[in-house]
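Chemist: Just so we're aligned, residue 4 is where the sequence shown starts under the numbering used here, counting upward by one.
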Amino acid sequence: MLADTDTLNTLSDREFAAGYAEMVKYGLIDQPDFFHWLEKNRKSVFAGGTARAEAIARSCEAKAAVVAADERENGARALLNLGHTFGHALERATGYDSARLVHGEGVAIGMVLAHEFSVRMNLASPDDAKRVAAHLREAGLPTTIDDIDGTLPPPDILMDAIGQDKKVKGGKLTFILTHGIGEAFIADDVPTSEVLAFLTEKQTQ
Ligand SMILES: [Zn+2]
């Protein structure tokens, strides 16, 4: 977690945006008010100063709350992986080439994909998915697979990359999905066939 304000102030805009994606993640997990606050205060957070300090503090509190919940409810910590399953697969697919994709950018695309996949599974409203994508785009982050420079492997190879990141049991995997902004949940029975169909749609659009 990026928590050192002095370090943050030395980051390039691109690096800061990548860290910002992880802050947005906390809003999307279970802090809808924080997400709405970021929508209103994004420019101030990027400018630095008190808004940035507040965003960092709220992110740290949100993370601590998830970790504390994990002690009562074993496994709650997995929520911190929101956007990371798709994100890690994209990092792997780009050969960890930071000129093409840095971790936080993969997470930004991954969070949008997690929301869009949740819409596809009739779990969340398309409006929420669009709102998440719009906010990340305004923050200068990539939000679609097409935003990545160069060619990417086909969907079945991306799916293999997901399989390397996640345990697949009987054709099902555990994924962080959502019922909407700030309503992420752990789904442990997501059919890999649905994920593959979704990725195929995304890459042929
Ligand atoms: Zn991360």
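Virtual Cβ for every residue (Gly too), placed ideally from N, Cα, C.
Source: prediction; values computed, not measured.
I'd like to confirm something about Gly-90: is its beta-carbon nearer than 8 angstroms to some heavy atom of ligand 1, or not?
Modeler: At least one heavy atom of ligand 1 is nearer than 8 angstroms to the Cβ of Gly-90, so yes.
Chemist: Specify which residues have a beta carbon nearer than 6 angstroms to any heavy atom of ligand 1, listing them in chain order.
Modeler: Those residues, listed in chain order, are Glu-25, His-87, His-106 and Val-110.
Chemist: Just to confirm, are Glu-197 and Phe-120 a CB contact at a threshold of 9 angstroms?
Modeler: Yes, they are a contact pair.
Chemist: For Ile-184, which of helix, strand or coil comes out of DSSP?
Modeler: It is coil, neither helix nor strand.
Chemist: Using 8 angstroms for Cβ pairs, my map puts His-87 next to Gly-113. What's the rounded Cβ distance?
Modeler: Contact holds; Cβ gap of about 6 angstroms.
Chemist: Taking the DSSP output, what are the residues bridged to Lys-175?
Modeler: In the DSSP output, where bridge partners are listed per residue, Lys-175 has Lys-172 and Pro-194.
Chemist: Can you find a CB in chain C that lies within less than 9 angstroms of the CB of Phe-19?
Modeler: Of the protein chains in this structure there is only one, and it is not chain C.
Chemist: Cα separation between Ala-79 and Ala-132?
Modeler: Computed Cα separation, rounded: 23 angstroms.
Chemist: To which residues of the same chain is Ser-47 closer than 6 angstroms at the C-beta, ignoring the five residues directly before and after it?
Modeler: Within the same chain, Ser-47 has close Cβ partners Ala-54.
Chemist: State the Cα-Cα distance for the pair Phe-38 and Pro-156, rounded to the nearest angstrom.
Modeler: In a straight line, the C-alpha of Phe-38 is about 33 angstroms away from that of Pro-156.
Chemist: Pull the bridge partners of Ile-2 from the DSSP assignment, please.
Modeler: For the chain, the structure presents residues 4 to 208; residue 2 sits outside this window and is missing.
Chemist: To which residues does DSSP link Ile-189 through a beta bridge?
Modeler: Ile-189 is bridged to Ile-179.
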